[in-house]
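**Student:** Input: one structure, supplied below.
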Amino acid sequence: MTAAFRLTDSTLRDGSHAISHQFTVEQVRAVVRGLDRAGVRVIEVAHGDGLGGSSFNYGFSQVDEMELVRAAVDESENARIAVLLLPGIGIKDDLVRAADVGASVARIATHSTEADISNQHIVLAKDLGMEAVGFLMLSHMVSPTALLEQAKRMESYGADAVYVVDSAGAMTERDTMERISVLKSGLECGVGLHAHNNLSLAVANSLAAIGEGIDQVDGCLIGLGAGAGNCPSEILVAACDRAGYETGIGLTELLDVATDVVRPLSPHQGVIDRDGLMLGYAGVYGSFLLHAKRAAEVYGVACDDILLELGSRRVVGGQEDMIIDVALELSNERGARDANN
Amino acid sequence: MTACAILGSGNIGTDLMYKVLRSGELDLRALIGIDPDSEGLDRARKLGVAVSSQGLQWLIDNADQVDLLFDATSAGVHRSHAPTYERLGIVAIDLTPAKIGPPVVPGVNLRDHVHAPNVNLITCGGQATTPVVAAVSRVARVPYAEIVSTVASDSAGPGTRANIDEFTRTTSACLEEVGGAGIGKAIMILNPSDPPIMMRNTVYCGLKAGFDSVQITESIMKTVEEVRAYVPGYRLKGRPLFEEGPFATPGGIVDTRVVVLLEVSGAADFLPEYAGNLDIMTAAAVRVGEAIGAAREGRKS
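If you're matching them up, the sequences are chains A and B in order. All residue numbers for the first sequence refer to the numbering used here, where the first residue is 1 and numbers rise by one. All residue numbers for the second sequence refer to the numbering used here, where the first residue is 1 and numbers rise by one.
In C-alpha cells form, the structure reads like this:
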C-alpha cells in the first residue's frame, strides 16, 4: 500500500530551537539512524532558522551545520536529507555547500506575503538537482486566496511543493482546511503542512489536512521544536494508524528513537505552558519563545507581556531583535510608572 | 557649485532630485530617464529642472556640462555605462549594487575616496549600520559584528527582492571592509505590516574582555549625531545595551555584546516617511556628491 502522504521529520531543524541550536554530531547520527530505520523518507537538518542562521540574533550553533548535514547524509541509508533556507538570512553559497555534502531537498522559506524573494534560491535548488519546496511562514496571517497567490509564485519559480506553515501555532482546524483545500485546487505542484502545537491542535490540524488529500506533512519527534513544539511525529503516525491512513512508518521504531534519543534532550517537551500558549493566542512566531524568556529575565518584565506586544506589532519571522526592543520599552515604561508612584 | 546630473527617474532618482535641489553645493543640470512619461520626469519639469528621456546619450552630448553623475539605475546598467562615464571624465556616484568603485560611507571613509572616479553606496542596510560598527571598532576590537535590517515590504522594490542575496553579501562585506569588524554578517527582513513600519536596524558587536563601555557608548552617540546631520530621521531607540555572554561567534568567543537599536524615518521628499531605507541612500549620495565636488574644486567640505 502506498503512503497517504510523505512525512518530513524536522527534529534536527525545528527541534534545534528547543535546545538553543546545540545539536552534536552524535545526536544527529542517532536520530537519523532511528528515523531511517522507522521508514521516514525525508529528514531535515539545519540551524533552527535555516542555513546561515547561526548568529547573535537567533543563537549560535554549537556545531557547524554543514558538519551535521554531512553526518546525517552519511548515517542515512534510505532517507533523503533536507535543509531549510530563509532568503535574507542564508545565502546561495550555503545551499551550494549543503548540496555538495549530499542534501537533496531544499526548503526555501519566506513570510507568507513575500514569496518573490525565494525566486533565486528555488531556481538554484533546481539547478543543483535538488527537490525544491516552498515554505510560506506565518500562513495564518493572510487569507487562503492571498496565500494561494503567493504559493503560485513559488510554483512558477519551479517549486515541487509549497507548504502552509503555521509558525505561530495559531491555526484552528477550519483555518487549516480552508488553506489546504484552496492550495490543493489552485496548484499543480504538491502541498504540505507544517504545524505547531501552541493551541494543542498540531495533530488534529495535520489529520484534517491529510483528509483534504495533502501530499506532505512535517513532524518532530516528541514535538521537539519552536514554541510549544511541533506536530509530534510518533503521535501523528499513531493517529494515522487509528484513522486508517497508511504512513509506511513503523510506530515501534519511531517510539524507540523518540523515547531513547530525543526525550532525554528535553524532558518537559510537550507541556504547553503559559508562554507557549500565548504564542498561539497572539499569533507570534514560535522561535521567539526562548529569546523572549531570556529577555524577560534580563530586563525584569513578564514574558507574556513581551509576546502580546510582539503580536500587536505584527512582527514576522526573523525579527528576534524586536524582542530586546519590546522588553526595553516595557521596562522603561515600568520605570516611569514606578517613579510616578 | 558642482554641476551634476541624475540618471534614473524611478523612486530613488526622483527622491534624490529633491535633496540635490536643497543642497547649496550641487547644481542639478538634468534628471535623465528613458521613459518620457515617467512620474519622476513629470515632477522635474514642474520644478523647472531640465529633463531628458535619452538616457546615456544625453550625458554623451552634454558631457562638458556635468562633473558628477548620480547613477540610480540598476547594477546591470551601471556596469555597462561605467566605462563611458570614466571616458567622459564624469565622476560616478553609484546607488546600485554594481560595486565597481570602492564602498563609501560618509563619516567613516569618505575622505579616503573623494578622488576616486567611481564610488559605490553599498546598500541601505550598509549605510544605516556601518557607521555604528565603525564607531565601536574605533575604540574597541570587534572580532564579529552582525546587523539585522528590517524594512517595510512596500519600500523594497522588485530589484531588491529579486537580488536579496546580493544585499546580504554586499552588506556583510561592508561591515568588514569599512566597519572594521573581523567578520561581518548581515540579515535582511521584509515586514508587510499595514501601516508600514519605519526602517529598523539592530547592530550587534561582539566585545572581548577589557573594553571600555563608557568610551564605546560615547563613540556610538557621537556617530549617530554625525549621521543625523545628513539623515535627520536617523535615531537611537535608547542607549546602547551591553549584554553578558559568553557568545560563541565565528570570530571567536566573546564575553559581551553591545546592542544598538536604530530607527530611520525618511524626509518624505518623494517616498513616504517610513521608507527611511531609501532616504538614507539618497541622503548619503548628496553628502558624497558634495564632498567629491569640494575636493575637485579644492574647497573644504
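Think of the CB as a built atom: it goes at the ideal place given N, C-alpha and C, for glycine as much as any other residue. None of the values given here were measured: they were computed from a predicted structure.
Is it the case that the stretch 290 to 297 of chain B contacts the stretch 170 to 182 of chain B, given that we only count it when at least three CB pairs across the two stretches are under 8 Å?
**Tutor:** At 8 Å Cβ cutoff, the stretches do not touch.
**Student:** Does the separation of the CB atoms of A116 of chain B and G126 of chain B fall below 8 Å?
**Tutor:** Along the second sequence, read from residue 1 onward, the residue named residue 116 of chain B stands at position 116. Along the second sequence, read from residue 1 onward, the residue named residue 126 of chain B stands at position 126. Against a cut-off of 8 Å, the Cβ pair of G126 of chain B and A116 of chain B comes out as no contact.
**Student:** Quick one: which unbroken beta strand (DSSP E) runs of 3-plus residues sit fully inside the stretch 70 to 121 of chain A? Chain order, please.
**Tutor:** For the stretch 70 to 121 of chain A, whole beta strand (DSSP E) runs of length 3 or above, ordered along the chain, are 80 to 85 and 105 to 111.
**Student:** Quick check: is the beta carbon of Y85 of chain B nearer than 8 Å to any beta carbon in chain A?
**Tutor:** What you label residue 85 of chain B is simply residue 85 of the second sequence in a count that begins at 1. No, its Cβ sits nowhere closer than 8 Å to a Cβ of chain A.
**Student:** Can you name the start and end residues of the alpha helix (DSSP H) that A282 of chain A belongs to?
**Tutor:** Here residue 282 of chain A refers to the residue found at position 282 when the first sequence is read from its first residue. Segment R274 to A282, the alpha helix (DSSP H) holding A282 of chain A.
**Student:** Quick one: residues in its chain with C-beta nearer than 6 Å to the C-beta of K307 of chain B, no 5 flanking neighbours on either side, listed in chain order?
**Tutor:** Given a span of 1 to 301 for chain B in the structure shown, any question on residue 307 of chain B remains unanswerable.
**Student:** Report all residues from its chain with a CB closer than 8 Å to the CB of V182 of chain A; omit the five preceding and five following residues, and keep chain order.
**Tutor:** In the first sequence, the residue the question calls residue 182 of chain A occupies position 182. Counting only Cβ-Cβ distances below 8 Å, and skipping sequence neighbours, we find P144, T145, L147 and L148.
**Student:** Taking just the CA atoms, how far does K152 of chain A sit from N119 of chain A?
**Tutor:** One-based indexing of the first sequence puts residue 119 of chain A at position 119. One-based indexing of the first sequence puts residue 152 of chain A at position 152. Near 12 Å, if we compare the C-alpha coordinates of K152 of chain A and N119 of chain A.
**Student:** So T150 of chain B is in the beta strand (DSSP E); what residue range does that whole segment cover?
**Tutor:** Reading the second sequence from its first residue, position 150 is the one you call residue 150 of chain B. Its beta strand (DSSP E) spans residues Y144 to A152.
**Student:** Kindly list, in the order they appear in chain B, the residues whose Cβ is closer than 9 Å to that of D100 of chain A.
**Tutor:** Within the first sequence, numbered from 1, the residue matching residue 100 of chain A stands at position 100. Chain B residues near D100 of chain A: none, gap ~18 Å exceeds 9 Å.
**Student:** How about P143 of chain B: is its C-beta nearer than 8 Å to some C-beta of chain A?
**Tutor:** Position 143 of the second sequence, counted from the first residue, corresponds to residue 143 of chain B. For P143 of chain B, the answer is no, since every Cβ of chain A falls outside 8 Å of its Cβ.
**Student:** Since L207 of chain B is in the beta strand (DSSP E), which residue starts that stretch and which ends it?
**Tutor:** Taking the first residue of the second sequence as position 1, residue 207 of chain B is located at position 207. Unbroken beta strand (DSSP E) run through L207 of chain B: M199 to L207.
**Student:** On the three-state DSSP scale, how would you describe Y58 of chain A?
**Tutor:** The residue labelled residue 58 of chain A in the question sits at position 58 within the first sequence. The answer is coil: DSSP assigns Y58 of chain A none of H, G, I, E or B.
**Student:** K293 of chain A by DSSP, collapsed to three states: which one?
**Tutor:** Along the first sequence, read from residue 1 onward, the residue named residue 293 of chain A stands at position 293. Here K293 of chain A sits in helix by DSSP.
**Student:** Can you list, in chain order, the stretches of the beta strand (DSSP E) that have 3 or more residues and sit fully within the stretch 236 to 280 of chain B?
**Tutor:** Counting only runs of 3 or more, we get 241 to 249 and 252 to 264.
**Student:** Compare the C-alpha of V261 of chain A against each of A:F23, A:D94, A:A208 and A:D166 and name the closest.
**Tutor:** In the first sequence, residue 261 of chain A corresponds to position 261, counting from 1. For the residues A:F23, A:D94, A:A208 and A:D166, the minimum Cα distance to V261 of chain A belongs to A:F23.
**Student:** Which value, in whole angstroms, describes the spacing of the CA atoms of A18 of chain A and L85 of chain A?
**Tutor:** Within the first sequence, the letter at position 18 stands for residue 18 of chain A. Within the first sequence, the letter at position 85 stands for residue 85 of chain A. If you take the alpha carbons of A18 of chain A and L85 of chain A, they lie about 18 Å apart.
**Student:** Distance check for G89 of chain B and S156 of chain A, CA to CA, integer angstroms please.
**Tutor:** By 1-based counting over the first sequence, the position of residue 156 of chain A is 156. By 1-based counting over the second sequence, the position of residue 89 of chain B is 89. C-alpha separation (whole angstroms): 45 Å.
**Student:** Helix, strand or coil for A5 of chain B, going by three-state DSSP, please let me know.
**Tutor:** Residue numbering aside, residue 5 of chain B sits at position 5 when the second sequence is read from its first letter. In this structure, A5 of chain B counts as strand in the three-state DSSP scheme.
**Student:** Taking a contact to mean a Cβ-Cβ separation below 8 Å, would you say I43 of chain A touches R169 of chain B in this structure?
**Tutor:** Along the first sequence, one-based indexing puts residue 43 of chain A at 43. Along the second sequence, one-based indexing puts residue 169 of chain B at 169. Not in contact: I43 of chain A and R169 of chain B (Cβ atoms no closer than 8 Å).
**Student:** I need the straight-line Cα distance from R70 of chain A to V105 of chain A, nearest angstrom please.
**Tutor:** Position 70 of the first sequence, counted from the first residue, corresponds to residue 70 of chain A. Position 105 of the first sequence, counted from the first residue, corresponds to residue 105 of chain A. Rounded to whole angstroms, R70 of chain A to V105 of chain A spans 14 Å at the Cα level.
**Student:** Using beta-carbon positions only, say whether A156 of chain B and S219 of chain B come within less than 8 Å of one another.
**Tutor:** As a working mapping, residue 156 of chain B is identified with position 156 in the second sequence. As a working mapping, residue 219 of chain B is identified with position 219 in the second sequence. No. Outside cutoff.
**Student:** Hey, would you say N230 of chain A sits closer than 8 Å to N197 of chain A, going by beta carbons?
**Tutor:** Taking the first sequence and counting its residues from 1, one reaches residue 230 of chain A at position 230. Taking the first sequence and counting its residues from 1, one reaches residue 197 of chain A at position 197. Yes, Cβ-Cβ distance for N230 of chain A and N197 of chain A is below 8 Å.
**Student:** Against chain B, which members of the stretch 293 to 310 of chain A pass a CB distance test of less than 8 Å?
**Tutor:** Against chain B - using a Cβ distance shorter than 8 Å - the residues of the stretch 293 to 310 of chain A are V298.
**Student:** For the stretch 20 to 34 of chain A against the stretch 219 to 230 of chain B, are there 3 or more C-beta pairs whose distance is under 8 Å?
**Tutor:** Segments in contact, no.
**Student:** Whose C-alpha, out of B:I216, B:R111, B:L31 and B:V66, is nearest the C-alpha of T73 of chain B?
**Tutor:** Translated into the one-based positions of the second sequence, residue 73 of chain B becomes position 73. The residue with the shortest Cα to Cα distance from T73 of chain B is B:L31.
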